[in-house]
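Numbering (this note's numbering), first residue to last: 237 to 486. Built from N, CA and C at the ideal position, the CB exists for glycine as well. Bear in mind that the values here come from a model prediction, so they are computed numbers and not experimental data. Following: one structure in structure tokens, then a few remarks.
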């Protein structure tokens, strides 16, 4: 049993939280490196968020704030200039009850706002695990391996490549579920890393017409799972993810 909600600890540019037996780290000045502690290898990336036109690491002068608000770890970034791009990242602790019991994960919201009259900011999100097999959820509700050759999907639809189940070879009793809200996906690419027996997924999110003052949001999620019944649990979590409440917009 997971029990009560875990609490974020926040020190300088790093936030940490426990998801079951995993200590997960978020580097606020380096969101592109992803969530630490969820993959067996330190070179792997889980939900690495590459902000449009921001350097890695993000200079302290462009990071407006970083703080904890109940189950949320929130960071805000602003890039000065004619377009004055403002980005907010919100990592929210999420606890779900499934057929197999309780599990904990993170929901992530990425919000973009600009002062330009017309812009099309592209948000790239990367998950890459070496030494892991991969299953993707089909529209029919089946978990199947992707093709071994690079697979591109435009306008991913309700299920194609937006629910991915990684099974690390170094942790035979664990799996990792990565979710992306389908209507946020402009295109995605699944690539097999044959040298390391792993997989990489590149999502391009948003990218549509963004008017001055309007906020666009993309929604992601990740859950570490036990290997037993992981397909059933993952499908249930994806259904809840799709049916969850939308974030507030202005």
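Do the region 432-443 and the region 471-478 meet, that is, are 3 or more Cβ pairs less than 8 Å apart? The region 471-478 and the region 432-443 do not touch, with fewer than three beta-carbon pairs separated by less than 8 Å.
Which residue marks the beginning of the alpha helix (DSSP H) containing residue 310, and which one marks its end? Segment 308-315 is the beta strand (DSSP E) holding residue 310; no alpha helix (DSSP H) there.
Are the CB atoms of residue 324 and residue 310 within a distance shorter than 8 Å? yes
Do the region 243-260 and the region 300-316 meet, that is, are 3 or more Cβ pairs less than 8 Å apart? yes
Reduced DSSP category for residue 264 - H, G, I as helix; E, B as strand; rest coil: coil
List the endpoints of the continuous alpha helix (DSSP H) containing residue 477. 466-479
Taking residue 431 as the reference, which of 451, 464 and 368 has the closest Cα? Of 451, 464 and 368, the residue nearest in Cα terms is 368.
In chain order, what residues of the same chain lie with their CB nearer than 8 Å to the CB of residue 297, ignoring the 5 residues before and after it? none
Could you check the C-alpha separation between residue 286 and residue 294 for me, to the nearest Å? 10 Å
With a CB to CB cut of under 7 Å and the five nearest residues on each side skipped, what residues in its chain are close to residue 373? 379, 395, 399, 471 and 474
contact_flag[the region 265-282, the region 348-359] where n(CB pairs < 8 Å) is 3 or more: no
Taking the Cβ atom as the reference point for each residue, do residue 321 and residue 289 lie within a distance shorter than 8 Å? yes
Let me check you understand the geometry: is the CB of residue 474 closer than 7 Å to at least one non-hydrogen atom of the ligand HEM? The ligand HEM is absent from the structure shown, which contains no ligands of any kind.
Short check: CB of residue 426 to CB of residue 466, under 8 Å? no
So, are the CB atoms of residue 346 and residue 284 less than 8 Å apart? no
Outcome for residue 278 when other beta-carbon atoms lying within 10 angstroms are tallied against a minimum of 16: exposed
If you measure between the beta carbons of residue 456 and residue 416, is that distance less than 8 Å? yes
For residue 364, is the classification buried or exposed, using 16 other Cβ atoms within 10 angstroms of its Cβ as the cut-off for buried? buried
Check whether residue 341 and residue 271 have beta carbons under 8 Å apart: Contact: no.
Beta carbon of residue 452 nearer than 8 Å to that of residue 440: In this structure, residue 440 does not lie closer than 8 Å to residue 452 by Cβ.
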